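FYI, the numbering for the sequence shown is 277 to 527, going by the working numbering. Built from N, CA and C at the ideal position, the CB exists for glycine as well. What you are looking at is a predicted structure, and each value in this text was computed from that prediction instead of being measured.
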Amino acid sequence: PPTKTAAFWSRFCEAAGAAVHYEPIKISAETDVSAAGEEVRTLRRVKSVDAPSGAISPTSTSSATNPVLAIGNLTHRRYGTALHRAAELLSKLDVVPESCPREVLAAARFQLINAGMASNVLETQMINIEQDLNNLLADERGRWLISCEHQDASSELSLWHRQTQRELIIDRTFIDSITSTRWVIDYKSSQPGEGEPLDQFIARESQKYKDQLQTYCTLINLYDEQNKNATVETKAALYFPAVAVFAEVTI
């Protein structure tokens with residue numbers, strides 16, 4: 277592995293189990309690493325698009341005063357990141373499977389381990405992730421979201437907002453091959469609170485993320501203009517794998 281990545285690769289092998297053995301490379305003074313250096317500098321290119329001033333504004337965050345709450349929020353973020361990664365991998369398959377493949381679950385496990393998920397909650401989180409992904413795969417709308425049959429489909433699409441110098445990532449976006457509608461989808465790992473009606477939960481989440489989806493749609497419209505993508509309209513939606521609910525958000 278490249279230099280200064282020992283911690284990453286040791287965690288990778290921990291997730292991979294017996295299938296991979298980690299042996300750090302010992303670099304001596306005579307070792308020529310110039311060629312390898314060029315390879316490891318390769319990064320994913322971020323697409324850059326202009327957006328109207330004020331479309332999104334940077335926000336400042338303060339440290340949490342409640343350490344228990346902070347830990348809970350961190351666990352939730354790590355879970356969401358792993359779930360998004362798994363959904364991205366599912367969207368790259370030629371055929372949408374009936375249940376989540378082991379390889380995708382292994383990638384989600386590695387994501388959690390690499391993010392520092394505590395070992396005492398790892399297995400519980402993996403059970404939840406597998407359940408959420410299988411919910412998505414059992415849902416007709418969920419299967420439609422990750423299908424590779426759409427036009428200009430992307431998962432985890434990075435767009436650069438020049439005014440605020442921020443990278444925005446759209447979970448899933450594509451142009452419906454039948455209607456020519458551009459869809460912007462935001463996955464959410466949340467679910468209704470205890471005793472909360474589903475329609476009330478959807479209304480609350482839709483209102484909470486409406487501005488964010490509006491910003492994504494503004495950027496994706498500029499992206500389509502720059503790439504000369506023919507679209508009829510742009511629509512946005514939230515998708516909740518935990519309850520297999522697709523909620524279109526009016527923007």
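Can you have a look at residue i and say buried or exposed, based on whether 16 or more other CB atoms are within 10 angstroms of its CB?
i: residue 392; result: exposed
i: residue 464; result: buried
i: residue 401; result: buried
i: residue 512; result: buried
i: residue 414; result: exposed
i: residue 517; result: buried
i: residue 431; result: buried
i: residue 455; result: exposed
i: residue 378; result: exposed
i: residue 478; result: buried
i: residue 525; result: buried
i: residue 327; result: Its pLDDT being 45, under 50, residue 327 is placed unreliably by the model, and the measurement read from it follows with that caveat. Looking at its Cβ environment, which holds 16 or more other Cβ atoms inside 10 Å, residue 327 is buried.
i: residue 514; result: buried
i: residue 508; result: exposed
i: residue 438; result: exposed
i: residue 442; result: exposed
i: residue 374; result: exposed
Which residues does DSSP pair with residue i in a beta bridge?
i: residue 521; result: 516
i: residue 427; result: 451
i: residue 360; result: Bridge partners of residue 360: none, in fact.
i: residue 443; result: 436
i: residue 368; result: Looking at the DSSP assignment, residue 368 forms no beta bridge with any residue, so it has no partner.
Going by the CB atoms, is the gap between residue j and residue i shorter than 8 Å?
i: residue 552; j: residue 527; result: Outside the displayed span of the chain (277 to 527) sits residue 552, for which this structure offers no information.
i: residue 460; j: residue 493; result: yes
i: residue 520; j: residue 421; result: no
i: residue 406; j: residue 376; result: yes
i: residue 426; j: residue 408; result: no
i: residue 394; j: residue 362; result: no
i: residue 371; j: residue 419; result: no
i: residue 351; j: residue 397; result: yes
i: residue 485; j: residue 435; result: no
i: residue 428; j: residue 349; result: no
i: residue 466; j: residue 523; result: no
i: residue 388; j: residue 353; result: no
Following the continuous alpha helix (DSSP H) through residue i, name the residue where it begins and the one where it ends.
i: residue 487; result: 474-502
i: residue 505; result: Note, residue 505: premise wrong, no alpha helix (DSSP H); not H, not E.
i: residue 418; result: 416-422
i: residue 379; result: 378-390
If I follow the unbroken beta strand (DSSP E) through residue i, where does it start and stop?
i: residue 457; result: 457-463
On the premise that residue j lies in contact with residue i, defined as a C-beta separation below 8 Å, what is that separation, rounded to the nearest angstrom?
i: residue 447; j: residue 360; result: 6 Å
i: residue 528; j: residue 457; result: Summary: the structure shown does not reach residue 528, with the chain confined to residues 277 through 527, and so no result is reported for it.
Is the CB of residue i under 8 Å away from at least one CB in chain B?
i: residue 352; result: In the displayed structure, chain B is absent; only one protein chain is listed.
Do residue i and the ligand HEM come close, with the Cβ less than 7 Å from some heavy atom?
i: residue 355; result: In the structure shown, the ligand HEM is absent, as is every other ligand, since no ligand is present at all.
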